[in-house]
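Novice:
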Amino acid sequence: MVDRKPNPTDAKTYYQQGNDYYEKGDYDKAIENYNMAILLNPVFSEAYFNRALSYYQLKNFDKSIADYTKSMELDPQNPIIYNNRGDAFYRKQDFQSAVKDYDKAIQLNPNYLKAFYNRGLSYASIEEYEKAVEDFTKVIKLKADFAEAYHLRGLAYEYAGSLQSAMADYEKALELNPELTEAKTHLESAKAKKDQEGKGGGEGGTADVKMLTKPNMTFNDVAGMTKMKEEIREAVVYPMRNPELARKYGKLGGGGILMYGPPGCGKTFIVKAAAGECQAGFINAKLSDLLDMYVGNTEKNIHKVFELARKNSPCLLFFDEVEAIGGRRDQQEGQQYMKMAVNQMLYEMDGVEANNSNVLIIAATNAPWDVDPALRRSGRFSKTIFIPAPDYESRVAMLKMYAKKRPLAPFIPFRFLGFTVTGYASADMKAIVDDASTIPWRQAFMGIEKKIEELTKGGMAKEQAEELAKKQVNQRPVTLGDFVVAIGKKRSSLPPWYEQAKKQIGKQEEVTMIDGKEHKKVTDSKMGPGEKEAFKDLLGIINNRSQWYYKIYITSIKEVTLVVLKIVVFFTEGGRIV
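Start counting the sequence shown at 795; every next residue gets the next number (this note's numbering).
1) Can you list, in chain order, the stretches of the alpha helix (DSSP H) that have 4 or more residues and sit fully within the stretch 799–880?
2) Reducing DSSP to helix, strand and coil, say where M1034 ends up.
3) Shortest alpha-carbon distance to K908 belongs to which of E942, Q887, T1355?
4) Strictly by DSSP, which residues pair up with N1078?
5) Give me the DSSP bridge partner(s) of T931.
6) So, at 8 Å on beta carbons, what are the nonlocal neighbours of T931 in its own chain, with the 5 sequence-adjacent residues on each side left out?
7) Cα separation between S959 and Y951?
8) Closest by CA to E1115, which one among P1167, T1062, L1102, R1104?
9) Just to confirm the assignment, what range does the alpha helix (DSSP H) spanning M1223 have?
10) Within 10 Å of its beta-carbon, does G1368 have 16 or more other beta-carbons around it, so buried, or fewer, so exposed?
11) Whose C-alpha, out of K886, V933, A892, A918, is nearest the C-alpha of P904?
12) Hey, I832 and R845: beta-carbon distance below 9 Å or not?
13) DSSP has L1052 in a bridge; who is on the other side?
14) Among the candidates E1187, V1165, I1051, T1273, whose CA atom is the shortest distance from the CA of K1021?
15) Nearest-angstrom Cα distance between A1001 and R913?
16) For the alpha helix (DSSP H) containing Y964, list its first residue and its last residue.
17) When DSSP labels each residue in this structure, what does V1016 get in the three-state scheme?
18) Considering Cα atoms alone, identify which of Y815, P836, N835 is closest to E826.
19) Starting from the C-beta of V1372, find all residues in its chain whose C-beta is less than 6 Å away, skip the five residues before and the five after it, and write them out in chain order.
20) Return helix, strand or coil for V1372, following the three-state DSSP convention.
21) When you compare each of Y849, E973, T1366 to F1205 by their alpha carbons, which one comes out closest?
22) Over what stretch of residues does the alpha helix (DSSP H) that includes I1206 continue unbroken?
23) Measure the alpha-carbon distance for N1337 versus S1176 and round it to whole angstroms.
24) Any idea if R1285 is buried or exposed, counting beta-carbon neighbours within 10 angstroms, 16 or more meaning buried?
25) Tell me which residues share the same chain as L970 and place their Cβ nearer than 6 Å to its Cβ, disregarding the 5 neighbours each side in the sequence.
26) Under 6 Å Cβ to Cβ from A1230, same chain only, skipping five residues before and after it: list those, please.
27) Would you identify the three-state DSSP class for V1272, choosing helix, strand or coil?
28) DSSP three-state label for A977, please.
29) Does the Cβ-Cβ distance between A977 and Y944 come in under 9 Å?
30) Quick one, which of K1244, L1333, I875, L852 has its alpha-carbon nearest E840's?
31) Could you tell me the alpha carbon to alpha carbon distance between L1052 and E1257, rounded to whole angstroms?
32) Three or more C-beta pairs under 8 Å: does that hold for the stretch 1154–1167 against the stretch 1095–1115?
33) Express the C-alpha separation of I1096 and E924 in angstroms, rounding to a whole number.
34) Using 8 Å for Cβ pairs, my map puts F1076 next to A1069. What's the rounded Cβ distance?
35) Whose C-beta lies closer than 6 Å to the C-beta of M830 among residues of the same chain, with five residues either side of it excluded?
36) Assign I1246 to buried or exposed, taking buried as 16 or more other Cβ atoms, counted over all protein chains shown, within 10 Å of its Cβ.
As structure tokens, then:
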């Protein structure tokens, strides 16, 4: 910004200076200059308007409204002023006043898309969903490819009870913008509600009761992870089985547990198993049940799910992908509604009226660095448990479990296969078993189809041909060779996550060339010492994985074992080369 010396008698100079500061995001300095402009020219409408914008950015909505009102008096035919003042009222949750301003903006400009859009949001917030539908319909007429408008109209239809229309709008929104994840989430939720209606499900409180379940699975259903199971037993299962004893020794005094680690490593699965071990109620608080784009509704949903857990104690309340609800407030610029959701989480966990006796709160995340630090303080998610990639024994157990119901050949050396998937997630191993099973299935399927074609060409009836083909075509079991082929094609899904984790909490090396010489600059992460301590297990793994000898070790184990297994396959499967 080029500094210009204000003319002490020139309001426009101060106004331009204020605009420059506004563009730089220095709203306090902008306001100072707009103050001078207004002092020198009390009827300077644009200065009032821009000062209102600055106050709005600083979340000082009362002063923003006052300035918009003054600007409106000086320029009463400007629809933008009415729309913007409506936005400020909306942020104050004064939806009736917001609607009046949007009405005036639309009266002055009958095709004012933004005013229709904002009025639709306001109507939805005061539960006048039919009017919200009308406004979003007008928005769509003005801009036919506006995916978010279809999504919002879908929400209004859903709240009005028109699930079929809601699903049609969600699908249209996704057709226009496949990346609109909220529309996808709401579409899945609407389909689930539609299915429930077909089964005679009720409305209202019934939906809440359905959130409360008692899982019929235990740690016996979780392959491997012996050390992790014992840690979770001590942190979750034992306190919930005998809450009075746990409370006596301070093991169940409120607060919760944050489980973090790479994706696909069984966090959600092991929490459900822990709930089964506890023989306690289990509430899986899904994002689709909590997040709501209407102001105040997300906080209400969070409160409702906590109340449901309290009324049904002992209970285990589980939040998956908690970073979507409890994300860092310092990184949510312009997302005031999400900051309010974080505040509600904090209040429910240790507020004055919070009574979470016999309620254990567990959250899981793949991005612990995105969880607000306030949620990890004492009394909240003060205990963290790192769920790492499966160790060797766990990998062997998982491969056996996933392959259990498949037709297997007599000789499958799972303990050797466990070496070839070092550094893989449990989800990767399930994919490997699926891919290995696909090979003989595909061969059998194509063989049967070919045989049916031959038999029908020879004059045999189709039904008889199908029956005979199934008997004559060899349906071989899944062999070691199939596993070797599948493992050779499948790479671990975890390295990208570790790279992301390193960027967020690890040290960064930046190499630059200056005068032909290589200069290496090492910068620390933005996390403070306290936050790093919370993630010391993950930091240790990141530092270990970045060492050259670790990479050689992992590659060598996999490749050497695969070579040995390929030789075994050659001699045991009739010279098969894989």
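Every residue gets a Cβ at the ideal spot worked out from N, C-alpha and C, and that includes glycine. For clarity, every value in this text was computed on a predicted model and none was experimentally measured.
Specialist: Taking the coordinates as given:
1) 805–818, 821–834, 839–851, 855–868
2) helix
3) E942
4) F1112
5) The partner list for T931 (beta bridge, DSSP) is empty, contrary to what the question assumes.
6) R947
7) 6 Å
8) T1062
9) 1220–1251
10) exposed
11) V933
12) yes
13) A1157, T1178
14) E1187
15) Confidence in A1001 is poor, its pLDDT being 40 and thus under 50, which makes the residue's placement unreliable; the coordinate value appears in the next sentence. About 30 Å.
16) 957–970
17) coil
18) Y815
19) G1275, V1278, V1279, K1360, V1363
20) coil
21) T1366
22) Run containing I1206: none; DSSP gives neither H nor E here.
23) 24 Å
24) exposed
25) D939, A941
26) V1272, D1276, F1277, A1280
27) strand
28) helix
29) yes
30) I875
31) 57 Å
32) yes
33) 26 Å
34) 4 Å
35) Y808
36) buried
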